[in-house]
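Reading through the structure tokens given below for one structure.
There are 2 protein chains.
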Amino acid sequence: MLIKKLNDVKKEEVNMDGAAGALKQLVIGSADGAPAFSFRVFTVEPGGHTPRHSHPFEHLNYVLSGNGELVDPDGNGLPVTTGDFAIILPDELHQFRNNGNDDFVFICAVDKAYE
Amino acid sequence: MLIKKLNDVKKEEVNMDGAAGALKQLVIGSADGAPAFSFRVFTVEPGGHTPRHSHPFEHLNYVLSGNGELVDPDGNGLPVTTGDFAIILPDELHQFRNNGNDDFVFICAVDKAYE
């Protein structure tokens, strides 16, 4: 077993096409022995966003702090705030946007193959 | 996609042998279309605990609130507090205990077969 604190995990800029002002921390993943799925944390700065994309795997999310939007396949921004959970299904077009004034920070749990 | 709030999810007592003062909410699982793994939330009341057990699958955890102990295979209680992450590997003996005065609440992400 392993216990980790978020502040001890390196934060790296997300360099994917379509991302802006987004940082990633791989908190628990294959390097920690995770056999199947991993926990990452994304920090999206005010005005920032993750790519609007889809992929053949799901992710489960939990909002640690801030306010944002989860953009659905039709382009509607659904409000998500601290304490909310979400699931994005495989092949579902989606994007996280920060429309607040503070960092928008969330857990993104994903198959370790895509961590 | 689906967004869920914890307060909208039914809370049920954990009736497993060895559990005391522990409640479970299945926040995102197979009923929501989760293809591989699920997010549950456990609330352990002051003085309560989950079973001391092991199982052939891992779980990944995030502490939402409170203070507790994660008991390792040797019986040592490792402190875990709000904001901590943890992984319990397959077949690893473990237990969560609440030694604080407030509810100890954490996410437990697990293969959907064991949700």
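Chains as they are written, first to last, in the numbering used here: chain A, 1 to 115; chain B, 1001 to 1115.
The beta carbon of each residue, even a glycine, is placed where N, CA and C say it ideally should be.
Practice task
Consider the Cβ of B/His1055: report whether some Cβ of chain A lies at a distance smaller than 8 Å.
Solution key: On the second sequence, position 55 is the one that residue 1055 of chain B refers to. B/His1055 does not count as touching chain A.
Practice task
Would you tell me roughly how many angstroms separate the C-alpha atoms of A/Val14 and B/Asn1076, rounded to the nearest one?
Solution key: Position 14 of the first sequence holds residue 14 of chain A. Position 76 of the second sequence holds residue 1076 of chain B. Roughly 38 Å separates the two Cα atoms.
Handout entry: Counted within 10 angstroms of its Cβ, other Cβ atoms place A/His53 as buried (16 or more) or exposed
Key = The residue labelled residue 53 of chain A in the question sits at position 53 within the first sequence. Counting Cβ neighbours within 10 Å, A/His53 comes out exposed, since fewer than 16 surround it.
Handout entry: Rounded C-alpha distance that separates B/Ala1031 from B/Asp1084
Key = Translated into the one-based positions of the second sequence, residue 1031 of chain B becomes position 31. Translated into the one-based positions of the second sequence, residue 1084 of chain B becomes position 84. Approximately 28 Å between the Cα atoms of the pair.
Problem - is_contact[A/Phe42, chain C] using C-beta, thresh 8 Å - result: Within the model displayed, chain C is absent; protein chains A and B are what it includes.
Practice task
Check whether the Cβ of B/Asn1076 sits closer than 7 Å to any heavy atom of the ligand SAM, and report yes or no.
Solution key: Ligands are entirely absent from the displayed structure, and the ligand SAM is therefore not among its contents.
Practice task
Please name the residue in A/Pro46, A/Phe106, A/His49, A/Ala34 whose C-alpha comes closest to that of A/Thr81.
Solution key: On the first sequence, position 81 is the one that residue 81 of chain A refers to. Ranking A/Pro46, A/Phe106, A/His49, A/Ala34 by Cα distance to A/Thr81 puts A/Phe106 first.
Exercise for the section: Mind listing the chain A neighbours of B/Ala1116? Cutoff is C-beta to C-beta under 9 Å, in chain order. Expected result: In the structure as shown, chain B starts at 1001 and stops at 1115, and residue 1116 of chain B therefore has no counterpart that could be examined.
Handout entry: Given 8 Å, three or more beta-carbon pairs between the stretch 1091 to 1101 of chain B and the stretch 1047 to 1063 of chain B
Key = yes
Practice task
Show which residues of chain B have a CB atom less than 9 Å away from the CB atom of A/Tyr114.
Solution key: Looking up residue 114 of chain A in the first sequence gives position 114. Within 9 Å Cβ-Cβ: nothing; A/Tyr114 doesn't reach chain B, min ~12 Å.
Practice task
Report the three-state DSSP secondary structure of B/Asp981 (helix, strand or coil).
Solution key: Past the boundaries of the shown model lies residue 981 of chain B; chain B is included only from 1001 to 1115, so the question cannot be answered.
Handout entry: Under 8 Å between C-beta atoms of A/Gly68 and A/Val44
Key = Position 68 of the first sequence, counted from the first residue, corresponds to residue 68 of chain A. Position 44 of the first sequence, counted from the first residue, corresponds to residue 44 of chain A. The criterion of a C-beta distance shorter than 8 Å is satisfied by A/Gly68 and A/Val44.
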